[in-house]
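Residue numbers (numbering that gives the first Met the number 0), protein chains in the order written: chain A, 0 to 285; chain B, 0 to 55. In this text, a Cβ means the ideal position worked out from N, Cα and C, and glycines have one as well.
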Amino acid sequence: MEAARKWIQVIVAILTNGSWSFPFTKTLYQGPLKVICAPGLNCYSCPAATTYCPMGSIQQLLGGLRFALENGQYYFGFSVLGSIGVLGGLFGRMICGWACPFGFIQELLHKIPSRKFRIPRMLSHGKYLFLLLFVVVLPLVLVDEFGSGSPWFCKFVCPAGTLEAGIPMLLLQPNLRSTIGLLFLNKFVIMLLFLTWAVFSSRPFCRTACPLGAFYALFSKVRLIKLHLDEAKCTNCKACHHVCPMGPRVHHLPGLHEQGLPVRRHLPGNRRYSLGRSGQGTVPCR
Amino acid sequence: MSQTSREPRKKRTLRKAPFVVITAFLLLWLIGVATGEPARVLEQALQVCLSCIGIG
Chain A
0 MEAARKWIQV
10 IVAILTNGSW
20 SFPFTKTLYQ
30 GPLKVICAPG
40 LNCYSCPAAT
50 TYCPMGSIQQ
60 LLGGLRFALE
70 NGQYYFGFSV
80 LGSIGVLGGL
90 FGRMICGWAC
100 PFGFIQELLH
110 KIPSRKFRIP
120 RMLSHGKYLF
130 LLLFVVVLPL
140 VLVDEFGSGS
150 PWFCKFVCPA
160 GTLEAGIPML
170 LLQPNLRSTI
180 GLLFLNKFVI
190 MLLFLTWAVF
200 SSRPFCRTAC
210 PLGAFYALFS
220 KVRLIKLHLD
230 EAKCTNCKAC
240 HHVCPMGPRV
250 HHLPGLHEQG
260 LPVRRHLPGN
270 RRYSLGRSGQ
280 GTVPCR
Chain B
0 MSQTSREPRK
10 KRTLRKAPFV
20 VITAFLLLWL
30 IGVATGEPAR
40 VLEQALQVCL
50 SCIGIG
């Protein structure tokens, strides 16, 4: 299953970034596919992007909500929320493990041989703060003189945007280079920090700052497709703690079985890791 | 005869919550589509979002 997951990660990354004419056109893909929501975090200003980023879109819609309402347009972001809600209801955070290009990049970086460090569990709450504040509250509340809000997460934090769109667009359009300022520098440093951190810790951005992952995590208890912990086969070996890149702590969390959180453990004396592998990296548990 | 040789089947229950959630979000998506939101999303997605890439 781990091999299948890798293949699906590659296929989704190619499909959501499937427009390869940008070296000639020097701009974005502008076809009709861009009305489709990307399942993972993938900047829609990336020159190769064929789909839209749900987090970017929702911030843009909320930021422009006052202006839209004044013009009789009820753009509350329902279509975007509906799209990611259906995906969340079906798969939850399984999407992070199987279909997020930025998560895939972090996984590849983590393969670089180095000493590995755990991420303190406390930091995992940060992503909910980013979702609530940077994606919903700030774009809605802090508006300019025209009543327009900014996409706060994209503008000040998102390392995926800098990596997938900022740098490529600056390379493609030299006239944009004159606009580089502190804002870009701030985002560039944040990107470097997360990419460096990804070498030493598993998926640091997903676990501490990703608002889309935080949204999908809300579906942990109600999602349709999930892995189940087989208590009868568990030997308490804690192998799953090392196998899953999201660092679950099954034994420390009561009621996990009831929640059906997606962690599995391998069978005693069984070298196949049949169950363990199936859970390997598929998903974040919280 | 065949009934007695069968092992008792484990009772499987179908969880309703996921279907309720998926249906609710599907309805939300339909409302969004009905208000013409995808056109606005497409309009945004076709432009380079300078803010998104940190130079706006």
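Please state if the CB of L182 (chain A) and the CB of L175 (chain A) are separated by a distance shorter than 8 Å. no
Around the C-beta of V9 (chain A), are 16 or more other C-beta atoms found within 10 angstroms, so that it is buried, or is it exposed? With fewer than 16 other Cβ atoms within 10 Å, it is exposed.
Simplified DSSP state of G148 (chain A), which is helix, strand or coil: If DSSP states are grouped into helix, strand and coil, G148 (chain A) belongs with the strands.
List the endpoints of the continuous alpha helix (DSSP H) containing Q172 (chain A). Taken as a continuous stretch (DSSP letters only), Q172 (chain A) belongs to no alpha helix (DSSP H), as it is neither H nor E.
Could you give the DSSP three-state label for V142 (chain A): helix, strand or coil? strand
Could you tell me the alpha carbon to alpha carbon distance between H251 (chain A) and I118 (chain A), rounded to whole angstroms? Confidence is the limiting factor: at H251 (chain A) the pLDDT is only 45, short of 50, which leaves the residue's position unreliable and the question unanswerable from this model.
Note down the Cα distance separating W18 (chain A) from K237 (chain A), rounded to an integer number of angstroms. The question names Trp, yet the displayed sequence has Ser at residue 18 (chain A). Rounded to whole angstroms, S18 (chain A) to K237 (chain A) spans 43 Å at the Cα level.
Name the one or two DSSP bridge partners that Y51 (chain A) has. A:C36
CA-CA distance, L192 (chain A) and G81 (chain A)? 33 Å
Pick out whichever of A:G55, A:Q72 and A:T234 has its Cα sitting closest to the Cα of F155 (chain A). Nearest neighbour of F155 (chain A) by Cα position, chosen from A:G55, A:Q72 and A:T234, turns out to be A:G55.
Find the residues of chain A that neighbour L45 (chain B), judging by a C-beta separation of less than 8 Å, and give them in chain order. L27, Q29 and K33
Whole-Å CB distance - E36 (chain B) paired with Y74 (chain A), under 8 Å assumed: 5 Å
Please state the DSSP three-state secondary structure of W19 (chain A). coil
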